[in-house]
Amino acid sequence: MRIAICAFRQESNSFNPVPSGLDFYERGAIFEGQAMYDFAKEKQGTVGAMVEAVEKEGVKPEMLCFMSALSSGGPATDEVVDRFVERTTSLLKDCLPLDGLLVSLHGATVSESHEDVCGYILEKLREQVGPSVLISSSYDLHANITDRIQRNADFICGYQTYPHVDFYETGDRAARMLLDSLKGRIHARTYRTNVPMIVPAGSYTTLRGFFGDLIKQAHAMVDSGRILDFTVFQAQPWLDVKEIGASIITIGEDETQAKACGYELAKKLLDNREAFRQDLYTIDEVIRKAEANTTGKPMVLCDAPDSTNAGACGDSPAVLERIKALDSDVKAAFYLRDTPAVEALWDKEVGSVQHISLGGTLCRTFYGPVELDVKVVSKHNPEPEVSVAGSGRVVVVRWRNVDIVVLEYISGSGNPALYRNFGIEPEDYRLVNVKACTSFRTHYEPISCEICETNTPGAAAADLTVLDFRKLPKDRIFPFADISDYRIQEPAALR
Ligand SMILES: [Zn+2]
4 MRIAICAFRQ
14 ESNSFNPVPS
24 GLDFYERGAI
34 FEGQAMYDFA
44 KEKQGTVGAM
54 VEAVEKEGVK
64 PEMLCFMSAL
74 SSGGPATDEV
84 VDRFVERTTS
94 LLKDCLPLDG
104 LLVSLHGATV
114 SESHEDVCGY
124 ILEKLREQVG
134 PSVLISSSYD
144 LHANITDRIQ
154 RNADFICGYQ
164 TYPHVDFYET
174 GDRAARMLLD
184 SLKGRIHART
194 YRTNVPMIVP
204 AGSYTTLRGF
214 FGDLIKQAHA
224 MVDSGRILDF
234 TVFQAQPWLD
244 VKEIGASIIT
254 IGEDETQAKA
264 CGYELAKKLL
274 DNREAFRQDL
284 YTIDEVIRKA
294 EANTTGKPMV
304 LCDAPDSTNA
314 GACGDSPAVL
324 ERIKALDSDV
334 KAAFYLRDTP
344 AVEALWDKEV
354 GSVQHISLGG
364 TLCRTFYGPV
374 ELDVKVVSKH
384 NPEPEVSVAG
394 SGRVVVVRWR
404 NVDIVVLEYI
414 SGSGNPALYR
424 NFGIEPEDYR
434 LVNVKACTSF
444 RTHYEPISCE
454 ICETNTPGAA
464 AADLTVLDFR
474 KLPKDRIFPF
484 ADISDYRIQE
494 PAALR
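Plus 3 on top of the position in the sequence shown (first one is 1) and you've got my numbering.
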């Protein structure tokens, strides 16, 4: 049996004006062959699980190409996508004929030329392996599953958790679908049920609430044997593309049951769409609450609209601007991406006071820079391999009672290590700014007194109606359109 594995991963945000070029992937991960194997085994993520599942069958997988950006971001350049397709197909040629192909994707990726990069990649791979070779694929829960993806992939398995913690399990599920099919242990097909809605990522979690219950219900369908696998995909909503929406994937041997399960889950998601509307604080309200915060624990200002995990720029100084405008002396911790500021501060003495313009260097659509007199506190140049959060040079500055981490690149934006690595302990502050959607909750819920979802400006705006969507069919998609008359279409298998 011959199985090959490849991976291409980045979540895109159409409203981030900075394209994600090859340099952004080089700062992330690019591996081929043995180096890809070693990286996957060490990381124990989705691809590592695929490798181990194949090896358990006594087969050594053919490792093709792995490309993952440093973080989410603006649309990928054509150079990035072309490089992946060219390298993967070239390496694939030497492995043919194959029995199966495992592909790990994000699923919500756009590029300069493609609105559906993952569908395009799968189509290219399908062309090469032929129509009868099984392709099983894995995705983020925020994937935008399109017809093109479904036409080319036999199996579609996405994360079942948000915050995402089941990377390994998802790779294992995708691999088992493929291997069990090849060994004749199952005879299953993949069905998709569409729901014409997009909702901001910060408005739900699988840990609790309606969405948590929906996931529990889906697990019960697997446990009772009605289906073999499921994913509730909530498309990343900051994609300005023509084909987008939530979708339920059910994989099963019994067509009637797989369709019924898909329908039940889709109906429940559709009927509860209003549950995803968020109550948001204004920035001023959170600053005032934090000033009065005497719990001894920090209050988190969730600046999700500027989350680099959601593809925003991470360079919004909007909260600093409001602290300045309110003349507040709140003890706060803040971070942002600003390469020119790092450049300007890098050769300044620690302890010196500098006049600096902060933020708004990448994205100017939603906010502008703020002018501050800051004191240089420390400078860092972390090695990429020891830096779990942040990348490139870092300067910490103090302005009034605010400690500000200024970074050349942000990664791991929901991880307190982004502060701790640079000498700032979030628990020592009354207000901690976090530019992340939901991922940060696993880290911050245990150490904070309250998490305040805040209506800050940014490319990942929580209020989708403020964004300038041009291609998205607003007349047919919630929350832009009233879809109360929408009837769920019959779940479909395209392979
Ligand atoms: Zn996600």
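Note that the Cβ used here is the ideal one computed from N, Cα and C, for glycine as well.
Does the distance between the C-beta of residue i and the nearest non-hydrogen atom of ligand 1 fall short of 8 Å?
i: Gln13; result: no
Looking at the secondary structure, which residues open and close the alpha helix (DSSP H) in which residue i lies?
i: Val289; result: 286-294
i: Val83; result: 81-96
i: Val469; result: Where Val469 is concerned, there is no enclosing alpha helix (DSSP H), given that its DSSP letter is neither H nor E.
i: Gly215; result: 212-226
i: Gln260; result: 258-274
i: Ala328; result: 321-328
Grab the span of the beta strand (DSSP E) containing residue i for me, first residue to last.
i: Val202; result: Counting along the chain, Val202 falls outside any beta strand (DSSP E), and DSSP gives it neither H nor E.
i: Glu35; result: 32-35
i: Leu104; result: 103-108
Tell me whether residue i sits in a helix, a strand or coil according to DSSP, three-state version.
i: Cys9; result: strand
i: Tyr142; result: strand
i: Val379; result: strand
i: Gln357; result: strand
i: Pro22; result: coil
i: Glu55; result: helix
i: Arg179; result: helix
i: Glu14; result: coil
i: Asn424; result: coil
i: Ala495; result: strand
i: Gly395; result: strand
i: Thr441; result: coil
i: Ser114; result: strand
i: Thr311; result: helix
i: Arg195; result: strand
i: Gly255; result: strand
i: Gly174; result: helix
i: Ser71; result: strand
i: Lys186; result: coil
i: Ile486; result: coil
i: Ile413; result: coil
Kindly identify the DSSP beta-bridge partner or partners of residue i.
i: Ile66; result: For the record, residue 66 in the displayed sequence is Met; it is not Ile. In DSSP, Met66 forms a bridge with Ile8.
i: Val436; result: The question names Val, but residue 436 is Asn in the sequence shown. DSSP lists Leu304 as partners of Asn436.
i: Tyr123; result: Answer by DSSP bridge pairing: none, since Tyr123 is not bridged.
i: Ile159; result: Ser140
i: Trp402; result: Val405
i: Phe236; result: Ser250
i: Val373; result: Leu361
i: Tyr338; result: Val408
i: Cys455; result: Leu304
i: Phe481; result: Met200
i: Tyr40; result: In DSSP, Tyr40 forms no bridge with anything.
i: Gly76; result: Ser15
Would you mind working out which of the options sits nearest residue i, comparing C-alpha positions?
i: Ala52; options: Ile8, Ser227, Leu273, Ile486; result: Ile8
i: Ala328; options: Thr193, Asp287, Ser15; result: Asp287
i: Val398; options: Val405, Val136, Ser381; result: Ser381
i: His145; options: Lys271, Ile486, Gln237; result: Gln237
i: Ala221; options: Gly255, Pro199, Ala495; result: Gly255
i: Ala336; options: Asp350, Leu125, Pro320, Arg30; result: Pro320
i: Leu348; options: Val244, Ile138, Asp243, His383; result: His383
i: Tyr284; options: Leu304, Leu339, Phe27; result: Leu304
i: Glu294; options: Ser310, Ile148, Lys334; result: Lys334
i: Arg129; options: Thr92, Glu115, Val113; result: Thr92
i: Thr234; options: Ile326, Thr193, Arg340, Asp274; result: Thr193
i: Arg340; options: Cys366, Glu172, Gln357; result: Cys366
i: Gly314; options: Arg5, Phe11, Glu45, Val21; result: Val21
How about residue i: is its C-beta nearer than 9 Å to some C-beta of chain B?
i: Arg473; result: No chain B is present in this structure, which holds just one protein chain.
Task: Residues proximal to ligand 3 by C-beta, any heavy atom closer than 6 Å - done: In the structure on display, ligand 3 does not appear, and the ligands it does have are ligand 1.
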